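Novice: Residues 27 to 159 in this note's numbering are what the sequence shown lists, from first letter to last. Glycine residues also receive a C-beta, built at the ideal position from the N, C-alpha and C atoms. A quick note: this is a predicted structure, and the numbers were derived from the prediction, not measured. Here it is, the structure, as structure tokens.
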Amino acid sequence: FCSEAKLWPGLNHGLLAMRLAGESVELWSGQRLIMISRNDEHRPLARFGATVAMAPDCSAVLVMGGIEGHIIGGVCLKEIWRFDVDEKIWNLLETPSWSPRRGAIPVVCEGRLLLVGGTGLDAHPVREVWAAE
27 FCSEAKLWPG LNHGLLAMRL AGESVELWSG QRLIMISRND EHRPLARFGA TVAMAPDCSA
87 VLVMGGIEGH IIGGVCLKEI WRFDVDEKIW NLLETPSWSP RRGAIPVVCE GRLLLVGGTG
147 LDAHPVREVW AAE
């Protein structure tokens, strides 16, 4: 993930939506459908509460954490997926050092991607900031 951090000098949060449920993954920017992935493809599993951020030039999207299954008893995830918008492929990046979480906030500070807070295992607040190296 360290090499990926250089791609994120600022994040584009505007008009980005991702639906990771059911049979497909849909990525939207405003009213434009960017992609649809099906279950038989290498892609993130259905989840909710994931942190989603788009590169400033709209070339890539990161999906970080989230919960697989039901909010009560579901599995809190500790993974980062990168979607290349031009190539239309997903890549699972190296397992990050942060604790599993959902609902974290992505922030860029001095050119580094930070993942701030969120809710972790057993619905406890996560009081840490993870920085990509």
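(1) Just how far apart, CA to CA, sit A76 and R108?
(2) Comparing C-alpha positions only, which one of G100, E136, L88, H150 sits nearest to E120?
(3) Give me whichever residues DSSP pairs with D110 in a beta bridge.
(4) Write down the C-beta distance between R127 and G91 rounded to the nearest angstrom, noting that I regard them as a contact closer than 8 Å.
(5) Nearest CA to the CA of V101: which residue from V134, P132, W156, G146?
Specialist: Taking the geometry as given:
(1) A76 and R108: Cα-Cα distance of roughly 13 Å.
(2) If we check each option's Cα against that of E120, L88 comes out closest.
(3) BP columns for D110 point to A86, I115.
(4) That belief holds up - the Cβ atoms of R127 and G91 are roughly 5 Å apart, short of 8 Å.
(5) For V101, the nearest C-alpha among the options comes from G146.
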